[in-house]
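Numbering (UniProt numbering), first residue to last: 1 to 461. The C-beta atom is built at its ideal place from N, Cα and C for all residues, glycine as well. Reading through the structure tokens given below for one structure.
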Amino acid sequence: MSSKVDGENKTPHHHNTYQYAWIIPFLPLPVPMLIGLGLLLFPTATKSLRRMWAFQSVLLLSIVMIFSMNLSIHQINSSSVYQYVWSWIINNDFSLEFGYLIDPLTSIMSILITTVGILVLIYRFWFTRPVAAKACQKAFVTNRVGDFGLLLGILGFYWITGSFEFRDLFQIFNNLISNNEVNFLFVTLCAVLLFAGAIAKSAQFPLHVWLPDAMEGPTPISALIHAATMVAAGIFLVARLMPLFIVIPHIMNFISLIGIITVFLGATLALAQKDIKRGLAYSTMSQLGYMMLALGMGSYRSALFHLITHAYSKALLFLGSGSVIHSMETLVGYCPKKSQNMVLMGGLTKHVPITKISFLLGTLSLCGIPPLACFWSKDEILNDSWLYSPIFAIIAWSTAGLTAFYMCRIYLLTFEGHLNAWKGATTKKFRELRRKLRAHIGHGLRTGMELYEIESPVVPQ
């Protein structure tokens, strides 16, 4: 096993740290096996035994999180490191090497995924629904469209440069561009195909349709998908390929165009949602559009900064919504259409006060209220948008206002006012009683009720 380190030689301690970085991706692999084996061996186990079994999984991820933080601390004052592990395919002059690259981008993603992942594993509950299987199929098919484009783009650039290595790819391609030795139309097509993979993974327009349906899964998994893993993969891909995209004519403009469309579309769709998780899903779509817009403008640091701040804020919101849904199920029963319906919520402050405070902090952060995290990252993107395009800037600033509106709408419908769940009662006796009461209500009282509904514009009709 050999390693390549850019810059000056590192101390033995630093070298050992990088040498064992393979633990970060490989140590979590036994976690799902442990959980599945525990469910198979102890299907009717007591709560104490299940907790003891789950402790092993949490311990493994905790070790990985500590490794990631330690690695990132050492990487701050160091250059990037490529660690070769083994050759996957060797055929004459062609080989595919398996290894890992440690640089600022991978360090950020490593901390992000491990910290959010450990929080999701600590707080979770399991359930199954047939609708979730259909949502899984939709997500699978939609992402295969992007994956097919990504594969074609990879093969296209391999045909042009003859290398899969990022460094060699960037260097060879820049030389070809400077010497005008490539067909710009073909290169642009390959770049668009590569970007198609990022569009699907990060739920950008027009391959965004899978993201709201992914909310059929358990809420902690929704937090993991929306905060740190799946949707961040597309942003990571574009950020990694930025040296390639930036020298191709018009592709950066195309990336920013897709980003600004997604920003506005996600925000407008979030305004009309009754389901708390779908509302947060469209919010994620809109915020990912901000990141893609920043990458299209060439504002690399702003995009990654917003990726981090949004990830922790959105994980907080999704885990808080899971607590709210779990509390609503004690009243309306196990029925996701009711327990996730914000119209039936309201006045939950006294029932889940801690959740209310955490949800409020996440809401204020996403709205861009200083001094919370998302204010600083979104402010940079909005500032850069004025320098890039006034039209894009106006749309981005207007959507920032819509973000504050729909997030406050979600918060107010959930925690403020009075509990409206009794309006959704489905027992035959209660419906009959309510029908008789309506028959005896006077015209004045009916008018007052109608005026009350008109004065509540944030309640979906």
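By DSSP's criteria, residue i is part of a beta bridge. Which residues make up the other side?
i	result
aspartate 275	Asn341
tryptophan 86	Phe98
valine 324	Bridge partners of valine 324: none, in fact.
valine 192	Looking at the DSSP assignment, valine 192 forms no beta bridge with any residue, so it has no partner.
Suppose the cutoff is 6 angstroms on Cβ atoms and the five residues either side in sequence are ignored; what does the same chain contact list for residue i look like?
i	result
methionine 291	Ile235, Ala303, His306 and Leu307
glutamine 19	none
alanine 223	Val120, Ala315, Phe318 and Leu319
methionine 407	Thr363, Leu366 and Cys367
threonine 427	The predicted model places threonine 427 with a pLDDT of 42, which falls under 50 and marks its position as unreliable, so this point remains unresolved.
tyrosine 282	Gly266, Leu269 and Ala270
glycine 156	Cys190
alanine 439	Because the pLDDT at alanine 439 is just 44, under 50, the model does not fix this residue reliably, and the point stays unresolved.
arginine 435	Confidence in arginine 435 is poor, its pLDDT being 48 and thus under 50, which makes the residue's placement too unreliable to answer from.
serine 163	Leu169
glycine 259	Gly289, Met292, Leu293 and Gly296
leucine 29	none
phenylalanine 264	Ile395 and Thr399
leucine 402	Ala267
valine 31	Ser57 and Leu60
Within the continuous alpha helix (DSSP H) that includes residue i, where are the two ends?
i	result
histidine 208	Note, histidine 208: premise wrong, no alpha helix (DSSP H); not H, not E.
aspartate 103	From DSSP, aspartate 103 is part of no alpha helix (DSSP H); its letter is neither H nor E.
serine 178	166 to 178
residue 462	No statement about residue 462 is possible, as the shown extent of the chain runs from 1 to 461 and does not include it.
alanine 404	390 to 415
serine 358	353 to 367
proline 249	Per DSSP, proline 249 belongs to no alpha helix (DSSP H) and is neither H nor E.
proline 25	23 to 26
Give the single residue among the options whose Cα lies nearest to the Cα of residue i.
i	options	result
arginine 409	Ile261, Ala196, Ala267 and Met69	Ala267
leucine 257	Met230, Gly298 and Ala272	Gly298
phenylalanine 148	Thr309, Lys201, Ser110 and Lys338	Lys201
tyrosine 300	Ser110, Ser358 and Ile381	Ile381
leucine 344	Leu387, Leu61 and Lys274	Lys274
leucine 295	Ser178, His310, Val238 and His208	Val238
lysine 277	Pro30, Lys337 and Gly99	Lys337
phenylalanine 245	Gln171, Gln287 and Ile221	Gln171
valine 81	Ile395, Trp22 and Lys350	Trp22
proline 243	Ile354, Val31 and Phe166	Phe166
proline 370	Ala404, Ile394, Lys350 and Asn179	Ala404
proline 206	Gln287, Thr142, Ala54 and Asn91	Thr142
cysteine 335	Val131, Ala135, Ile73 and Glu416	Val131
threonine 414	Thr349, Cys136 and Tyr100	Thr349
isoleucine 357	Asn92, Glu416, Ala233 and Ser62	Glu416
threonine 309	Ala135, Ala232, Ser62 and Phe392	Ala232
leucine 61	Asn92, Val116, Leu40 and Trp397	Val116
cysteine 136	Glu216, Leu360, Tyr158 and Pro390	Glu216
Just to confirm, are residue i and residue j a CB contact at a threshold of 8 angstroms?
i	j	result
isoleucine 255	phenylalanine 184	no
glutamine 340	threonine 262	no
valine 324	valine 352	yes
leucine 280	serine 321	yes
leucine 27	alanine 311	no
isoleucine 154	valine 182	no
leucine 150	leucine 193	yes
glutamine 56	serine 107	no
leucine 387	arginine 240	no
glycine 346	asparagine 253	no
isoleucine 199	glycine 146	yes
Leaving out five residues on either side along the sequence, give the residues of the same chain with a beta carbon under 7 angstroms from the beta carbon of residue i.
i	result
serine 313	Gly362, Ser365, Leu366, Ala373 and Cys374
lysine 378	Tyr290, His306, Gly368 and Ala400
phenylalanine 430	At phenylalanine 430, the pLDDT of 39 sits below 50, so the modelled position is not reliable; the number obtained from the coordinates is stated separately. Same-chain partners within the cutoff: there are none.
alanine 139	Trp210, Asp213 and Ala214
glutamate 432	The predicted model places glutamate 432 with a pLDDT of 45, which falls under 50 and marks its position as unreliable, so this point remains unresolved.
methionine 285	Ala203, His208, Leu211, Thr262 and Gly266
leucine 152	Leu193
In chain order, what residues of the same chain have a beta carbon less than 8 angstroms from the beta carbon of residue i, not counting five sequence neighbours either side?
i	result
isoleucine 24	Val64, Phe67, Ser68, Leu71, Ser110 and Thr114
threonine 188	Ile248, Pro249, His250 and Ile251
leucine 176	Ile160, Thr161 and Val182
lysine 384	It should be pointed out that residue 384 corresponds to aspartate in this sequence rather than to lysine. Ala294, Met297, Ser299 and Ser302, listed in sequence order.
Measuring from the CB of residue i, is there a heavy atom of the ligand SAH at a distance below 7 angstroms?
i	result
isoleucine 354	Looking for the ligand SAH in the displayed structure turns up nothing, as the structure carries no ligands at all.
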